[in-house]
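So the structure is just underneath, and the comments pick up after that.
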Amino acid sequence: MSRLAKILTAVAASAAVVLTGTVAHAVITGRTGTFTDQQRYVHQSDAWSTSSAAFVGVPGAITSIVVPSGTRKMIDARFSAESFCAGGGWCSVRIVVIRPNGTFFEMSPQVGTDFAFDSGSGTTDNWESHAIERTSPFLSAGTYRVQVQAGVVAGATSLRLDDWTLAVERVRP
């Protein structure tokens, strides 16, 4: 084998290792809908704060969506707010769907406190606008509540949210 052939073989093998490693870490999922047929919007201009390390409901950041009998629908939810995260660490927000029976699940992607809605940097952080968007799987008939929850993580001491909007849409398959 010529020197050039050996080099090309080594480069190809290295590229395969890099590509294989990259692909192994990528987990991409998706859903497709046609259009929204119901929208709900909730707004708040009063500030709210939490120092809870456990997720707690953001007061007022909840609304209901009805999936009609004989249909299946996906829920798309967006939450945007002016935020201030104090301390080290970060502040997390998630959106959950509460089923008709009262149990709930986190909308996708389901990452718990691994989602940094805002990060704390001591007392030098400034107010900023941040957003999150999440989707549900297709759901059967029933009345579902969509709620925003927030908490502090890894040394953050408090999260303050102000001037927020929760937009929730029901999506047809």
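Residue numbers (our numbering): 148 to 320. Glycine included, every Cβ here is placed at the ideal spot set by N, Cα and C. Since the structure is predicted, the reported quantities are computational estimates derived from the model, not experimental observations.
Take the Cβ of residue i as the centre, count every other Cβ of all protein chains shown within 10 Å, and call the residue buried at 16 or more, exposed below.
| i | result |
| --- | --- |
| E275 | exposed |
| R219 | exposed |
| V318 | buried |
| Q257 | exposed |
Among residues of its own chain, excluding the 5 on either side of residue i, which ones have a beta-carbon nearer than 7 Å to its beta-carbon?
| i | result |
| --- | --- |
| S198 | V299, T304, S305 |
| V295 | V205, A208, F226, V240, I242, L313 |
| V203 | T197, Q296, A297, G298 |
Do you know offhand how far residue i's Cα is from residue j's?
| i | j | result |
| --- | --- | --- |
| S334 | Y188 | Absent from the model: residue 334. The displayed extent of the chain is 148 to 320, so no value can be given. |
| A194 | L308 | 6 Å |
| E280 | I245 | 17 Å |
| F285 | T312 | 24 Å |
| F251 | N273 | 33 Å |
| V315 | G235 | 32 Å |
| S239 | D261 | 7 Å |
| S230 | Q191 | 13 Å |
| S266 | A301 | 10 Å |
Residue i by DSSP, collapsed to three states: which one?
| i | result |
| --- | --- |
| D223 | strand |
| T260 | helix |
| R292 | strand |
| T197 | strand |
| F252 | strand |
Tell me which residues share the same chain as residue i and place their Cβ nearer than 8 Å to its Cβ, disregarding the 5 neighbours each side in the sequence.
| i | result |
| --- | --- |
| A201 | G298 |
Rounded to whole angstroms, how far is the Cβ of residue i from the Cβ of residue j, which I believe are closer than 8 Å?
| i | j | result |
| --- | --- | --- |
| A263 | I242 | 15 Å between Cβ atoms; not a contact. |
| I222 | S287 | Incorrect: roughly 12 Å between the Cβ atoms, too far for contact. |
| G217 | P247 | Not a contact, Cβ separation roughly 16 Å. |
Using C-beta distances below 6 Å, list every residue in its chain close to residue i, excluding the 5 sequence neighbours before and after it, in chain order.
| i | result |
| --- | --- |
| H172 | With a pLDDT of only 49 at H172, under 50, the local geometry of the prediction cannot be trusted, and no value is derived from it. |
| A228 | L308, W311 |
| E253 | R241, V243 |
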